[in-house]
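Chains as they are written, first to last, in the numbering used here: chain A, 1 to 529; chain B, 530 to 847; chain C, 848 to 922. By construction, the Cβ of each residue, glycine as well, lies at the ideal position given by its N, Cα and C atoms.
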Amino acid sequence: MGYHTSLYVFVFLPVCLVVYQLMPAKWRWKALLFFSYLFFYLLSGKLLVYLVGATALTHYIGAWMSWQRAQEAEELSGADRETKKSIKLKYRRRCRSALAVGILLLIGVLAYLKYYNFFISNVSGVLLWLSLPFSPGEKSLLMPVGISFYTLQAIGYMADVYWGKAKAENRFGRMALFLGFFPQIMEGPICRYSDTAGSLFAGAPLTAENLSQGYMRIFWGLFKKKVVADRLAVIVGVIFGNYTEYGGAYIAVAAVAYTVQLYMEFSGCMDIVIGSGKLFGVCLPENFRQPFCARSASEFWRRWHITLGTWFKSYIFYPVSVSGIVKRWNQFGRKHAGKYLTRLVTSAAALFPVWLCNGLWHGARWSYIFYGMYYFVLIMLGTAVQPARNKLLSVCHIREDSGYWRVIQIAKTWVIIFVGELFFRADGLQAGFHMFASMFRDFQLSLLWDGSLLGLGLGRADLAAVAVGCVVVAVIGSLKERGEPIFVRLVKTSVPVRWGAYYALILAVIVFAAYGDGYQSVDLIYAGF
Amino acid sequence: MGKMLKKGVLFFTVLLVLLFLASIWISALAAGMADRVQGRNRPVAGITAEEGDTVDLLVVGDSESYTSVSTMDLWKQYGTASYVCGQGGQRIQEAYYMLKTAFRTQSPKVVMVETNMMFRDPGIFKNAQISLAEPLRYYLPVFRYHNLWKLLLDEPKEMTSDYKGFVIKEKITSCKGAEYMKETGEMQELPEFVRFYMRRIQDLCERNGAQLLMVSVPSPKNYNYKKINALRHYAKQNGIPYVDMNLKAEEIGMDWSKDSYDGGDHLNIHGAQKVTAYLGKYLKENYGLPDRRNDAAYSSWNTLAEKFDTEVKQKTGQ
Amino acid sequence: MEDLIRILRDIDDSVDYGKETALIDGQILDSFGVITLVSELEEAFGITIEAAEMTPQNFNSAEAIWAMVKRLQEN
């Protein structure tokens, strides 16, 4: 029961809404918890124990840390300056060990389920290469849904409690809801405790605004997913599935098609997720901000899967960059190596773990690791050439914000994105390189209009639907980029206009969505990560 | 709260009206190009486009039905006006709403259910989904025919001709068939939702003055003794006549070396003609369906039968 | 406070630090800028800035940064 299924949108959600509303306000969060666990159970069955285990661990470590804090405060009162220092140090050490235990256990489970087979198969490969007669077997491990997402949320919560940014939650059930809230369990967004906790437990009554805005957001997501993404899935499947038979512009088409599919799918799913939260008055953070308007690779990542980027920044990038060793290098470097080099090395030291984790987070495959490293190298290159670039611009009298320069930058970023997604989607790193190389052989752009596209499984009508869908999404996106968010405006208009727009959207989804006879339902991509 | 409720009711009423209007429009569109509708909706559009009150025998079922019951052979031999509303992998829910659709314009005397679909159980989720989607498609055809706009843009595809729902398959893939019916006393359980919808089908036929008949066509891949036992038991319990052709395969003259086109799953035209001959005799003896061959209103059926003969000859080289 | 403004100008001199209140949220200071700033601040004011302090609220304006520096000096 993915978020895009009619079962979720038209049965599960309404039932959940009715039960939620019928409960007295202080029990409503319990209704949400019940439906969250039901949802998880329907998807993953007994693997629910992993979620319960992670919840218990997170909850008790948080609670223990806050209890330690209370004791620390008690000891501190009335102690003199010197003892204060040693008391603080003692409790810090204790909390730090608790945090370490928590993170290691959570990561351990995730790593075991997600990376064990990858690790084993690579070890076997090496052993085979050394012709050692020992080969450890792979295991068939079932991953509970959303483990990559709730694990990050759990770690973030523990770190926030450790840093004193969040107060520890004292009720187990609430922690369970924070980690398991059904709209976000499968694909995020990855929330901070302080983002959602308040509204999750508030038990706000349903309102007409929330219901209509929430459901419209859901329909907007369905439009992206079912009108555009599910159709493109056909082309993408054909070319990536038989990549040896295609070359030249076909590969470019596949890379673009997959990028658009992934965007429509993931951001559409986020629309459904955020809309679902909105129905209950829960404000979930946005995960996308017109990523195709980005002017550089690093800006792209501030607009694409935002909550993942934010998580890495808060819990990997900053902690590494203020760690002792990096700081010492910083001081040493500025004295001896100059500003430029210092900055470069510092950036590399802090960014490398971020991008390695980004790649690995998507799954245990060399192509994902490559994908992470690809962005690491590109962003480092961007930093490295920045001074030279700035100089060049001022010599050529190009203004940073002039229109054509902006277009060039956006186009450059598009190429970077498409190539990245090509490797990301390709069936293994080897296939990725094969495809990338074959793109430069026999590149005939004419296939875009000579009818060759029709040989990829989609008819003229389906291609037209994709094109129109993309235009609609692009127009609404660029309006938003210019500060005219159409959905926000719509809320303020008169009833006939607003309802007209609602009806148009609903009918567009009913008529143009790829469902029913002749279409295969396509599972959510990010739910697999 | 009251105002919110009123507004909500108004919103959904308008939405319903819009969907209803769209449905009327799209149904008219579908009727106009019934011969171009493809896939699962083809028999739905087809039976709706048939001249009213002309069909005497209606068949529902999965792919077994439209590869086995040769409507044109029934016509040529007995003058029976039959129509096969079978769909690939038809679900029992689809069969029910197919019949409901057919009964709007037709008043068949006999409704035949090919029983293979009665063992299909796609699991609780899929079942719930189909049980909700089918009535939606029935009452608001905009959901059924929503893809129709594509026909306006796509190049016309070459259609396999179908003869009142029957499809000619000429390929021969032989199989060992003889021993698939090993006698046993065991029964394969019929899913509960199948029983539920079969009861609804039975009621529906009763209300519309049609006699219900269950038929199992010969298929080594799909049938076995356990299933036949279950079907016999169910038919007896509910007072539905039941014809099993798997145990009578010899009497019918099935030759598994040349009567199936995919190795014992579906029948080819040779197998279908044998099964149809047997079925026609059975129907004649038990139901006395009218012979329409000389009825002027049915002249198009004769033309179609000639076309059928030509295609069979051309495909089988006989 | 003057020392702080001098450090900030050193990183980016096109900003009016007296008025600007969205150094982070408005992405005037990127993450490398923040890192550079942190190490400069530590050196200039003899403080240790930990990961816990790395929040937009602490870095959005010169005033906020100054408040953080003073708080850390007192500890």
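Rounded separation between residue i and residue j - CA only
i: F219 of chain A; j: L429 of chain A; result: 36 Å
i: C283 of chain A; j: P664 of chain B; result: 36 Å
i: D160 of chain A; j: R425 of chain A; result: 34 Å
i: G492 of chain B; j: F541 of chain B; result: Residue numbering for chain B in the displayed model covers 530 to 847; residue 492 of chain B lies beyond these limits and cannot be assessed.
i: E780 of chain B; j: A801 of chain B; result: 14 Å
i: V471 of chain A; j: G372 of chain A; result: 30 Å
i: N751 of chain B; j: D585 of chain B; result: 28 Å
i: A806 of chain B; j: D591 of chain B; result: 20 Å
i: S828 of chain B; j: M774 of chain B; result: 32 Å
i: V95 of chain A; j: S298 of chain A; result: Per the sequence shown, the amino acid found at residue 95 of chain A is Cys instead of Val. Taking the straight line joining both Cα atoms gives about 34 Å.
i: Y771 of chain B; j: A56 of chain A; result: 59 Å
i: R399 of chain A; j: V407 of chain A; result: 13 Å
i: V9 of chain A; j: I510 of chain A; result: 13 Å
i: R571 of chain B; j: M439 of chain A; result: 41 Å
i: I272 of chain A; j: G221 of chain A; result: 5 Å
i: F901 of chain C; j: S314 of chain A; result: Rather than Phe, the amino acid found at residue 901 of chain C in this sequence is Met. Distance between the alpha carbons of M901 of chain C and S314 of chain A is about 8 Å.
i: A513 of chain A; j: Q409 of chain A; result: 34 Å
i: T583 of chain B; j: S611 of chain B; result: 9 Å
i: R498 of chain A; j: E484 of chain A; result: 16 Å
i: K90 of chain A; j: Q71 of chain A; result: 11 Å
i: Y374 of chain A; j: M435 of chain A; result: 16 Å
i: A759 of chain B; j: A624 of chain B; result: 20 Å
Opposing strand residues paired with residue i [DSSP bridges]
i: Q740 of chain B; result: B:V639
i: V588 of chain B; result: B:V613, B:M641
i: F695 of chain B; result: B:Y692
i: S745 of chain B; result: B:D773
i: S789 of chain B; result: B:L796
8 Å contact criterion, which residue i and residue j should meet: CB distance rounded
i: F39 of chain A; j: T259 of chain A; result: Contact flag wrong, Cβ pair sits at about 30 Å.
i: M264 of chain A; j: A208 of chain A; result: Contact doesn't hold; Cβ gap of about 29 Å is too wide.
i: E593 of chain B; j: E643 of chain B; result: 5 Å
i: Y157 of chain A; j: T58 of chain A; result: 6 Å
i: R303 of chain A; j: P291 of chain A; result: 4 Å
i: N907 of chain C; j: D872 of chain C; result: 6 Å
Beta-carbon neighbours of residue i, restricted to chain A and to distances below 7 Å
i: V862 of chain C; result: Those within 7 Å of V862 of chain C in chain A number zero; the least Cβ separation is about 15 Å.
i: F540 of chain B; result: W499
i: V885 of chain C; result: V322
Partners in chain C for residue i, counting only beta-carbon separations shorter than 7 Å
i: Y318 of chain A; result: A898, M901
i: N330 of chain A; result: S886
Contacts that residue i makes with chain B (C-beta to C-beta distance below 8 Å)
i: R460 of chain A; result: L682, D683, E684
i: I506 of chain A; result: L544
Neighbouring residues, chain A, relative to residue i (Cβ below 8 Å)
i: E910 of chain C; result: Here the premise fails: no neighbours, minimum Cβ distance about 20 Å.
i: V671 of chain B; result: I510, V511
i: K536 of chain B; result: A208
i: M688 of chain B; result: Near M688 of chain B there are no residues of chain A at all, since even the closest Cβ is about 14 Å away, more than 8 Å.
i: F879 of chain C; result: R343, T346, S347, T383
i: M533 of chain B; result: T207, A208
i: E889 of chain C; result: K327
Chain-ordered chain B contacts of residue i [CB-CB under 7 Å]
i: G518 of chain A; result: G568, N676
i: Y375 of chain A; result: Within 7 Å Cβ-Cβ: nothing; Y375 of chain A doesn't reach chain B, min ~38 Å.
i: Y503 of chain A; result: L544, L547
Min CB distance residue i to chain D below 9 Å
i: A464 of chain A; result: Judged by its chain identifiers, the structure shown contains no chain D, and its protein chains are A, B and C.
Check: residue i C-beta below 8 Å from any heavy atom of the ligand SAM
i: A504 of chain A; result: Because no ligand of any kind appears in the structure shown, any question about the ligand SAM cannot be addressed here.
Contacts that residue i makes with chain C (C-beta to C-beta distance below 9 Å)
i: A350 of chain A; result: S878, F879, I882
Problem - Under 9 Å (Cβ pairs) to chain C, residues found in the segment 142-158 of chain A - result: none
Practice task
For the segment 336-347 of chain A, enumerate the residues whose C-beta is nearer than 7 Å to any C-beta of chain C, in chain order.
Solution key: R343, T346, S347
Practice task
Would you list, in chain order, the members of the segment 544-574 of chain B that have their beta-carbon closer than 8 Å to a beta-carbon of chain A?
Solution key: Residues passing the 8 Å Cβ filter: L544, L547, L548, A551, Q567, G568, R569, N570.
Problem - Cβ-based contacts, 7 Å cut-off: residues of the segment 2-14 of chain A near chain B - result: S6, L7
Problem - Members of the segment 616-638 of chain B near chain A, C-beta cut-off 7 Å - result: none
Handout entry: Cβ-based contacts, 9 Å cut-off: residues of the segment 645-660 of chain B near chain A
Key = Taking 9 Å as the upper bound on Cβ-Cβ separation, chain A lies near residues F654, A657, Q658 of the segment 645-660 of chain B.
Practice task
Closer than 8 Å, Cβ to Cβ, to anything on chain A: give me those residues from the segment 588-606 of chain B, in chain order.
Solution key: Under the 8 Å Cβ criterion, the segment 588-606 of chain B contributes no residue.
Handout entry: Contact list for the segment 161-174 of chain A against chain C, Cβ threshold 7 Å
Key = W163, G164, K165
Exercise for the section: Could you list the residues in the segment 25-40 of chain A with a C-beta less than 9 Å from some C-beta on chain B, going in chain order? Expected result: none
Exercise for the section: Name, going along the chain, the residues of the segment 243-258 of chain A whose beta-carbon falls closer than 7 Å to a beta-carbon of chain B. Expected result: none
Handout entry: Positions along the segment 476-498 of chain A whose CB lies within less than 7 Å of some CB in chain C
Key = Going along the segment 476-498 of chain A in chain order, one finds no residue with a Cβ nearer than 7 Å to chain C.
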